[in-house]
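J.:
Numbering (our numbering), first residue to last: 2 to 348.
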């Protein structure tokens, strides 16, 4: 029998979709064991993303302690046109519509795993021309790593994420809101209450597909009402989210809310949960009811429910949209890390 107390780390390369699917259960266990990870680092999100959007060469790097997965860098390489030639870019699976990305590790092996992965990648420098690691949070070990002198590192701020740190009391949170916004939102909710029934619901297995369809419908209707395309209008995106939502529902990550007024769904919010943090991914509401502020009412109901459940943070994710700053004044920054080989560096 193996001595599980002994440390024996080694790298395994995952180079095709079958191999990626084979480690899904191990990856899920790793995801659950990592305390600071975000829902977007789950295999439910990333393996599904690769299924619908993967268009390059899969090159995911896994770190094992004997037979236990302790770290994973979900990466792939794709070619893009540079100024004078084709460049091979190494980047995270999920890049584009994923808000937080990083190497995922068990906490007791985090430093060793990140170091091993970076050493492996720099030792395989002939495989890529540039590493583009996007949407790293400020505590990512990647931002602190030291590389050999032959590599050039450029780290830039890439996005702002407003975050509401939630108190224990609903009244305390509501008291923090700007006075006019607070009054208008509470008044809008009272008007909906006074005109019939109002109920916040969370998707269950039996209505998940119906609720995700309502999300698409309401989100796109809101934007189409402004003569603008919605973010969920493309079939490929809708298929991805349907598939990912089902997987995340079964792994306990998904929180898909709808607000019903007199039995009719008038607003929807697609959110994710991990480690007492709720992440507000995307939403929509009936534009014909805009005067009742259904978008604000559903968010208020969700935040009140989150506080009652002991949720510590409500993360509005990337973007500096004005509405987010009505709910919080706090924000955090994401970073982008570019690694290139220095030109004319002696081999």
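Ideal Cβ positions, reconstructed from N, Cα and C, are used throughout, including at glycine.
As the structure is a computational prediction, the values presented were derived from the model and not from experiment.
1. Grab the span of the alpha helix (DSSP H) containing residue 54 for me, first residue to last.
2. Please report how far the alpha carbon of residue 223 lies from the alpha carbon of residue 289, in whole angstroms.
3. Confirm, please, whether the CB-CB distance from residue 161 to residue 20 is below 8 Å.
4. Taking C-alpha atoms, which residue in 23, 77, 180, 12 lies nearest to residue 67?
5. Taking the straight line between their C-alpha atoms, what separation do you get for residue 5 and residue 70?
6. Note down the Cα distance separating residue 246 from residue 343, rounded to an integer number of angstroms.
7. Across which residues does DSSP place residue 272 in a beta bridge pair?
8. Do residue 270 and residue 281 come within 8 Å of each other at the CB atom, strictly closer than that value?
9. Going along the chain, which residues of its own chain have a beta-carbon closer than 6 Å to the beta-carbon of residue 141, five neighbours each way excluded?
10. Can you name the residues that DSSP bridges to residue 160?
11. When the Cα atoms are used, what is the spatial distance from residue 3 to residue 65?
12. For residue 264 and residue 114, I'd like the C-alpha separation in whole angstroms.
13. Taking DSSP's pairing of strands, which residues face residue 316 in a bridge?
14. Looking at C-alpha atoms only, which residue of 285, 311, 310 is the closest neighbour of residue 300?
15. Which complete beta strand (DSSP E) runs does the stretch 88-141 hold, if anything under 3 residues is left out?
16. Please work out which residues of its chain come closer than 8 Å, Cβ to Cβ, to residue 60, disregarding the five sequence neighbours upstream and downstream, and give them in chain order.
17. Do residue 308 and residue 174 come within 8 Å of each other at the CB atom, strictly closer than that value?
18. Under DSSP, the beta strand (DSSP E) around residue 205 begins and ends at which residues?
19. Just to confirm the assignment, what range does the alpha helix (DSSP H) spanning residue 20 have?
20. With burial defined as no fewer than 16 other Cβ atoms inside 10 Å of the residue's Cβ, what is the status of residue 325: buried or exposed?
21. Is the beta carbon of residue 302 less than 8 Å from the beta carbon of residue 257?
22. Is DSSP giving residue 153 helix, strand or coil here?
23. What is the DSSP secondary structure of residue 74, reduced to helix, strand or coil?
24. Give the straight-line distance between the Cα atoms of residue 327 and residue 126, rounded to the nearest whole angstrom.
25. Quick check: residue 40 and residue 108, are their CB atoms within less than 8 Å of each other?
26. Rounding to the nearest angstrom, what Cα-Cα distance links residue 124 and residue 32 in this structure?
27. Any C-beta of chain B sitting closer than 8 Å to the C-beta of residue 192?
28. Considering residue 65, what are the terminal residues of the beta strand (DSSP E) in which it resides?
29. To which residues does DSSP link residue 14 through a beta bridge?
30. In its own chain, which residues sit with a C-beta less than 8 Å from the C-beta of residue 55, not counting the 5 before and 5 after it?
31. Give the single residue among 201, 337, 340, 319 whose Cα lies nearest to the Cα of residue 164.
T.: Quick look at the numbers:
1. 44-54
2. 9 Å
3. no
4. 12
5. Annotation note: pLDDT 46 at residue 5 (below 50); position unreliable, no value reported.
6. 42 Å
7. 256, 281
8. yes
9. 103
10. Note: residue 160 sits in a beta bridge opposite 335.
11. Interpretation of residue 3 is limited by its pLDDT of 43, a score under 50 that renders its predicted location unreliable; no figure is taken from the coordinates.
12. 51 Å
13. 164, 280
14. 285
15. Every unbroken stretch of the beta strand (DSSP E) spanning 3 or more residues and falling wholly within the stretch 88-141 is given here in chain order: 131-138.
16. 14, 15, 16, 76, 77, 78, 91, 128
17. Result yes, Cβ atoms of residue 174 and residue 308 sit closer than 8 Å.
18. Unbroken run through residue 205: none, as it is neither H nor E.
19. 18-23
20. buried
21. no
22. The three-state reading of DSSP puts residue 153 in strand, counting E and B together.
23. Correct three-state label for residue 74: strand.
24. C-alpha separation (whole angstroms): 46 Å.
25. no
26. 27 Å
27. This model lacks chain B altogether; it includes just one protein chain.
28. 61-66
29. Residue 14 is bridged by DSSP to 62.
30. 18, 77, 94
31. 319
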